[in-house]
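Okay, structure first, notes after.
Numbering (the UniProt record's numbering), first residue to last: 1 to 300.
Quick look at the structure:
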């Protein structure tokens with residue numbers, strides 16, 4: 001006991017205590033539910049066996065049934081469009097804002113701080129706000145587009161099958177814009193200003209400085225932003241029930257919302273678990289690719 005108390009006093013034991021508490025927290029609230037979910041995807045689950053841990057084992061039958069569903073592949077295409085559109089919009093706009101606010105002008109820090117409002121707002125609140133903005137009859141976006149002459153008649157963003165998925169993408173871009181801007185701003189701030197001064201003295205224009213200095217120096221930060229953006233986008237759920245509920249006719253349905261529909265609307269918990277495990281494998285693969293691609297980076 002004296003040795004244990006001594007290790008706590010010298011700091012080493014206290015560090016291990018904090019790490020152990022964090023690991024127990026992650027195992028209890030993330031690890032065990034993940035294992036349970038994976039087990040459920042290989043079992044036959046219904047309302048009568050939901051409370052049991054050990055249920056009839058069906059192997060890959062749930063996966064075969066999910067892959068054979070007519071709705072599955074259109075939903076996966078929607079998921080791909082949602083992920084690529086959201087990540088591209090968040091990254092391009094976030095990088096542009098990060099470069100803009102890197103310039104020195106009055107109140108730049110204050111204005112940049114206002115962009116963080118979207119980041120701290122819950123997804124359901126963001127969905128409600130964008131539900132009003134994208135409303136077909138009185139939405140602000142339609143008023144703006146008509147005012148600048150882009151459209152002649154109102155667009156029904158949430159009820160038009162051709163626009164419903166893009167309505168959620170627009171809302172998700174706004175939701176994740178501040179996070180991308182913040183991380184990319186940190187990466188930009190870490191680039192020595194001497195490099196830009198030397199390149200400018202050598203006659204390099206703004207685009208050449210961006211291409212030869214900013215992008216190479218930002219590679220680790222860009223990789224982290226894209227990896228975190230992929231994980232966050234695949235986890236995005238709140239905007240779908242708040243805006244479109246996957247409709248109309250599943251035109252805006254994605255894998256994470258389909259998993260919820262299987263489990264809590266159709267009460268087919270095995271298929272819901274199966275879809276979520278597929279998404280987990282995809283995120284895990286993307287994370288491994290990112291870690292392996294940046295393992296040679298030296299961070300000091």
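Even glycine gets a Cβ: it sits at the ideal position worked out from N, Cα and C. Owing to the predicted nature of the structure, the values given are computational and were not obtained by experimental measurement.
Name the DSSP beta bridge partners of residue i, please?
i	result
residue 57	43
Measure the CB-CB distance between residue i and residue j and report whether it falls below 7 Å.
i	j	result
residue 275	residue 79	no
residue 251	residue 108	no
residue 41	residue 273	yes
residue 141	residue 134	yes
residue 241	residue 159	no
residue 167	residue 243	yes
residue 195	residue 222	no
residue 58	residue 44	yes
residue 209	residue 199	yes
residue 38	residue 289	no
residue 101	residue 112	yes
Can you tell me whether residue i is buried or exposed? The criterion is at least 16 other CB atoms within 10 Å of its CB, across all chains shown.
i	result
residue 271	buried
residue 205	exposed
residue 132	exposed
residue 86	buried
residue 176	buried
residue 178	buried
residue 299	Any reading at residue 299 must be qualified, since the residue scores a pLDDT of 47, below 50, and its modelled position is unreliable; the value itself is stated next. Classification for residue 299: exposed.
residue 157	buried
residue 218	buried
residue 96	exposed
residue 239	buried
residue 21	exposed
residue 285	exposed
residue 292	exposed
residue 225	buried
residue 94	buried
residue 88	exposed
residue 236	buried
residue 211	exposed
residue 28	exposed
residue 103	exposed
residue 269	buried
residue 147	exposed
residue 262	buried
residue 98	buried
residue 143	exposed
residue 82	buried
Taking the alpha helix (DSSP H) that residue i falls in, what are its first and last residues?
i	result
residue 241	239-243
residue 267	Residue 267 -> no alpha helix (DSSP H), and no H or E assigned at all.
residue 197	193-201
residue 208	206-209
residue 159	From DSSP, residue 159 is part of no alpha helix (DSSP H); its letter is neither H nor E.
residue 90	72-101
residue 180	164-189
residue 142	140-147
residue 50	Here residue 50 belongs to no alpha helix (DSSP H), and DSSP marks it neither H nor E.
residue 126	123-133
residue 28	Run containing residue 28: none; DSSP gives neither H nor E here.
residue 226	219-234
residue 110	108-114
residue 117	117-120
### Task
Spell out a yes or no on whether the region 172-187 and the region 119-131 are touching, meaning 3 or more CB-CB pairs, one atom from each, closer than 8 Å.
Yes, the region 172-187 is in contact with the region 119-131.
### Query
Okay, do the region 67-83 and the region 254-264 touch, 3+ Cβ pairs below 8 Å being the bar?
Between the region 67-83 and the region 254-264 there are three or more C-beta pairs closer than 8 Å, enough to call the two in contact.
#### Entry: Touch test, the region 166-174 against the region 183-199, Cβ-Cβ under 8 Å, three pairs minimum
Contact annotation: the region 166-174 does not touch the region 183-199, with fewer than three C-beta pairs closer than 8 Å.
### Query
Do the region 142-152 and the region 224-236 touch if we need at least three Cβ pairs shorter than 8 Å?
No, the region 142-152 does not touch the region 224-236.
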